[in-house]
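Student: This is the structure I want to talk about, given as structure tokens.
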Amino acid sequence: MDSATLPTAAAGAALLLALVYGTSGVAKVLDGESTRSAFRELRLPRWLSESFAPRLLGPAEILLAVLLLVLPHPWFWLPAVAALGLGIVYTVLIVRALGFDVPVTCGCFGRLGQGTVTRTTVVRNLLLVVLGAVAVADAATGGSVLARLGDTGTWWWLLVVLAAVALTRLIGSGEDESAPEGGGAASREVPDEELEDYLRLPVPFAEVTGADGPVQVRDLAAGRAWLMLWVSLGCGSCVPAIERAGRFAREHPEIGVMLVATTPTAQDDERIPEGCELAWDEHGQFRTMFQVHRSPSAVLLGADQLLAGGPVAGAPTAVSFIDDIEAELASVEGQARPPVPPVSSPGSSMGFTSRPTGA
1 MDSATLPTAA
11 AGAALLLALV
21 YGTSGVAKVL
31 DGESTRSAFR
41 ELRLPRWLSE
51 SFAPRLLGPA
61 EILLAVLLLV
71 LPHPWFWLPA
81 VAALGLGIVY
91 TVLIVRALGF
101 DVPVTCGCFG
111 RLGQGTVTRT
121 TVVRNLLLVV
131 LGAVAVADAA
141 TGGSVLARLG
151 DTGTWWWLLV
161 VLAAVALTRL
171 IGSGEDESAP
181 EGGGAASREV
191 PDEELEDYLR
201 LPVPFAEVTG
211 ADGPVQVRDL
221 AAGRAWLMLW
231 VSLGCGSCVP
241 AIERAGRFAR
251 EHPEIGVMLV
261 ATTPTAQDDE
271 RIPEGCELAW
281 DEHGQFRTMF
291 QVHRSPSAVL
301 LGADQLLAGG
311 PVAGAPTAVS
321 FIDDIEAELA
331 SVEGQARPPV
341 PPVSSPGSSM
351 GFTSRPTGA
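The opening residue of the sequence shown carries number 1 in the UniProt record's numbering; numbering runs sequentially from there.
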């Protein structure tokens, strides 16, 4: 590759940045509330999270993408520097989030790239920083995307396409690879012959923060069964489990349903389904005592203050877990004091005592 070809290939960096930030901006515009939730997840100042910044970020990224494509030299350096700066800010926030005591859902690229922050997220953002630096270097040598589009060979377009595919894979792979689908210790894979020996442990002593102050989780399960869902409200993968929990709460009011959020959330947040209570895992006790490390995670508390099922982790597993609870309820419907039903799946020993509606 000679010196004349290198700057031409460098235009691919700006094209990739335009693709990434353009797509990210559209995703944010379509789901502005998730962006605001991501601000909270990343523990940005409250005044910033509640300002217009979350809603302006999406349009700003779309504008940045357009400017990267259309501005000629010497103005091309403006969007190039902005793209580099944005990549650096995103990277710093993600590295900072890795040190938090609870997993954080990344919303840097809207719902498209939502998932638990991991080292892969850092690598992705560092790649954006590198692309931004290349774009700035190209601008410094008099280059721009507009100037080079008509004077290129075809080989480097293939590299741009391949790089775009790689970036898309990185953006979409936000789930925590280290967390097993089944969640904590109680949901480990168990051979079929051991299912009947599922040990119902006492509900751990954990405190969460409810609307009126501290709530002892074990006290909740004194005479009433509870479905607990540990969630990140800004996480796209949590939405199916939250919606399923909402339907369950409306259809089975005799069983309490509580969403335990990883970040402080307003009690009147529109994402909280009717019939569900909201609490905040303020001190991380729920996460630690129930051994949940991935959102969404679900656990069933028996009315006898013993664990009745779970914990399980992952959106599909959590939804199936709630389906299993509903199936067990149907199987014992009409019994005054239903016995502990048999285990229907690993980590899902549905042993609970239903409380009649209105009791």
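Positions of the beta carbon are idealized from the N, C-alpha and C atoms, including for glycine.
1. Is the separation between the beta-carbon of V20 and that of L128 shorter than 8 Å?
2. With distances taken Cα to Cα, identify the nearest neighbour of G99 among T118, A83 and I88.
3. Taking the alpha helix (DSSP H) that L56 belongs to, which residues open and close that run?
4. Here's a check: name, in chain order, each residue in its chain whose Cβ is nearer than 6 Å to the Cβ of W280, leaving out the five neighbours to either side.
5. Got a sec? Which residues, its chain only, sit under 6 Å from V29 by beta carbon, not counting five neighbours each side?
6. Please report the straight-line C-alpha distance between D323 and V203, rounded to a whole angstrom.
7. Just to confirm before moving on: does the CB-CB distance between P72 and L16 stay below 8 Å?
8. Measuring alpha carbon to alpha carbon, tell me which residue in P74, A14 and S51 is nearest V130.
9. With a threshold of 7 Å on Cβ separation, who are the neighbours of I88 within its own chain once the five nearest residues in sequence on each side are excluded?
10. If S320 and W230 are in contact, beta carbons under 8 Å, what's the gap, nearest whole angstrom?
11. Should I242 be listed as close to the ligand HEM, given that the test is whether its C-beta is under 7 Å from any heavy atom?
12. Mind checking P54: buried by the 16 CB within 10 Å criterion, or exposed?
13. I need the DSSP call for V203, collapsed to helix, strand or coil.
14. Taking the C-alpha atoms as reference points, what is the distance between E61 and F39?
15. Quick one: what does DSSP say T209 is sitting in, helix, strand or coil?
16. If I'm right that R36 touches S24 with Cβ under 8 Å, what's the distance once you round it to whole angstroms?
17. For L201 and D219, what's the separation of their Cα atoms in angstroms?
18. Give me, in chain order, the residues of the same chain whose beta-carbon lies closer than 7 Å to that of N125; leave out the 5 immediate sequence neighbours on both sides.
19. In this structure, does DSSP put P79 in helix, strand or coil?
20. Buried or exposed: G302, going by 16 or more other Cβ atoms within 10 Å of its Cβ?
21. Taking DSSP as the reference, what is the three-state secondary structure of P264?
22. Are there 16 or more other CB atoms within 10 angstroms of the CB of W47, so buried, or fewer, so exposed?
23. Within the continuous alpha helix (DSSP H) that includes V134, where are the two ends?
24. Ends of the beta strand (DSSP E) at V231?
25. In this structure, how does DSSP classify L84 when only helix, strand and coil are distinguished?
26. Per DSSP, what are the beta-bridge partners of A279 in this structure?
27. If you drop the 5 nearest sequence neighbours on each side, which residues of the same chain put their C-beta closer than 6 Å to that of E277?
28. Taking the alpha-carbon positions, what's the L233 to G12 distance?
29. Apart from the five residues just before and just after L67, which ones in its own chain have a Cβ nearer than 6 Å to its Cβ?
30. Closer than 8 Å by C-beta to Q305: which residues in its own chain qualify, once you throw out the five before and the five after it? Chain order, please.
31. Please state the DSSP three-state secondary structure of E194.
32. Starting from V312 and walking both ways along the beta strand (DSSP E), at which residues does that stretch end?
33. Give a yes or no on whether the C-beta atoms belonging to V123 and L84 are separated by under 8 Å.
34. Taking all protein chains shown into account, do 16 or more other C-beta atoms lie within 10 angstroms of the C-beta of residue 412, making it buried, or fewer, making it exposed?
35. Just to confirm, is the Cβ distance from L227 to L300 under 8 Å?
36. Just curious, the beta strand (DSSP E) that A300 is in, first and last residue?
Tutor: Looking at the coordinates:
1. The count along the sequence shown starts at 1 and reaches residue 20 at position 20. The count along the sequence shown starts at 1 and reaches residue 128 at position 128. In this structure, L128 lies closer than 8 Å to V20 by Cβ.
2. By one-based count along the sequence shown, residue 99 stands at place 99. Ranking the options by Cα distance to G99, first place goes to T118.
3. Counted from its first residue, the sequence shown places residue 56 at position 56. Under the DSSP assignment, L56 falls in the alpha helix (DSSP H) whose first and last residues are A53 to V70.
4. Start at 1 with the first residue of the sequence shown, and residue 280 comes out as number 280. Here the set comprises T209, A261 and P264.
5. As a first step, residue 29 is located in the sequence shown; it is residue number 29 there, counting from the start. Around V29: G58.
6. Indexing the sequence shown from 1 puts residue 323 at position 323. Indexing the sequence shown from 1 puts residue 203 at position 203. The straight-line gap separating the alpha-carbon atoms of D323 and V203 is approximately 22 Å.
7. By 1-based counting over the sequence shown, the position of residue 72 is 72. By 1-based counting over the sequence shown, the position of residue 16 is 16. Not in contact: P72 and L16 (Cβ atoms no closer than 8 Å).
8. The residue labelled residue 130 in the question sits at position 130 within the sequence shown. Looking from the CA of V130, the closest CA among P74, A14 and S51 belongs to A14.
9. Locating residue 88 in the sequence shown gives position 88, where the first residue counts as 1. Result list for I88: V129, in chain order.
10. Translated into the one-based positions of the sequence shown, residue 320 becomes position 320. Translated into the one-based positions of the sequence shown, residue 230 becomes position 230. About 16 Å separates the two Cβ atoms, so there is no contact after all.
11. As far as ligands go, the structure on display features none, and thus does not contain the ligand HEM.
12. Residue mapping note: residue 54 aligns to position 54 of the sequence shown, counting from 1. P54 is buried by the Cβ-count criterion.
13. Position 203 of the sequence shown, counted from the start, is the residue given in the question as residue 203. In the three-state scheme derived from DSSP, where H, G and I count as helix and E and B as strand, V203 is classed as coil.
14. Numbered from 1 along the sequence shown, position 61 holds the residue referred to as residue 61. Numbered from 1 along the sequence shown, position 39 holds the residue referred to as residue 39. Going from the Cα of E61 to the Cα of F39 covers about 16 Å.
15. By one-based count along the sequence shown, residue 209 stands at place 209. In this structure, T209 counts as strand in the three-state DSSP scheme.
16. Numbered from its first residue, the sequence shown carries residue 36 at position 36. Numbered from its first residue, the sequence shown carries residue 24 at position 24. No, R36 and S24 are not in contact; Cβ-Cβ is about 15 Å, not under 8 Å.
17. In the sequence shown, residue 201 corresponds to position 201, counting from 1. In the sequence shown, residue 219 corresponds to position 219, counting from 1. Distance between the alpha carbons of L201 and D219 is about 15 Å.
18. Locating residue 125 in the sequence shown gives position 125, where the first residue counts as 1. Within its own chain, the residues whose Cβ lies closer than 7 Å to the Cβ of N125, once the five positions on either side in sequence are excluded, are G87, Y90, T91 and I94, listed in chain order.
19. Stepping through the sequence shown from its first residue, residue 79 is reached at position 79. Looking at P79 - three-state DSSP - the assignment turns out to be helix.
20. Here residue 302 corresponds to residue number 302 of the sequence shown, with the count starting at 1. G302 should be labelled buried.
21. As a working note, residue 264 is residue 264 in the sequence shown. Coil.
22. Stepping through the sequence shown from its first residue, residue 47 is reached at position 47. By the 10 Å Cβ count, W47 comes out exposed.
23. Looking up residue 134 in the sequence shown gives position 134. Going by DSSP, V134 is part of the alpha helix (DSSP H) stretching over R119 to A140.
24. Working through the sequence shown from its first residue, we reach residue 231 at position 231. Following the DSSP letters along the chain, one finds V231 inside the beta strand (DSSP E) bounded by residues W226 to V231.
25. As a first step, residue 84 must be located in the sequence shown, where it is residue number 84. DSSP places L84 in helix when its eight states are reduced to three.
26. In the sequence shown, the residue the question calls residue 279 occupies position 279. Secondary-structure assignment with DSSP links A279 through a beta bridge to V260.
27. For the purposes of this step, residue 277 is taken as the residue at position 277 of the sequence shown. Result list for E277: M258, in chain order.
28. Here residue 233 is taken as the residue at index 233 of the sequence shown, counted from 1. Here residue 12 is taken as the residue at index 12 of the sequence shown, counted from 1. Just so you know, the alpha carbons of L233 and G12 end up roughly 36 Å apart.
29. For the purposes of this step, residue 67 is taken as the residue at position 67 of the sequence shown. Counting only Cβ-Cβ distances below 6 Å, and skipping sequence neighbours, we find P79.
30. Counting from one through the sequence shown, the residue named residue 305 turns up at place 305. Within its own chain, the residues whose Cβ lies closer than 8 Å to the Cβ of Q305, once the five positions on either side in sequence are excluded, are P202, V203, R218, A221 and A222, listed in chain order.
31. In the sequence shown, residue 194 corresponds to position 194, counting from 1. Annotation note: pLDDT 42 at E194 (below 50); position unreliable, coordinate value reported separately. Here E194 sits in helix by DSSP.
32. Taking the first residue of the sequence shown as 1, we reach residue 312 at position 312. Note, V312: beta strand (DSSP E), L307 to A313.
33. Locating residue 123 in the sequence shown gives position 123, counting from the first residue. Locating residue 84 in the sequence shown gives position 84, counting from the first residue. When the beta-carbon positions are compared, V123 and L84 stay at least 8 Å from each other.
34. This structure cannot settle anything about residue 412, because the visible part of the chain is limited to 1 through 359.
35. Taking the first residue of the sequence shown as 1, we reach residue 227 at position 227. Taking the first residue of the sequence shown as 1, we reach residue 300 at position 300. Annotated as proximal: L227 and L300, with beta-carbon spacing under 8 Å.
36. The residue labelled residue 300 in the question sits at position 300 within the sequence shown. One detail in the question is off: residue 300 reads as Leu in this sequence, not Ala. S297 to L301 is the span of the beta strand (DSSP E), which, as asked, contains L300.
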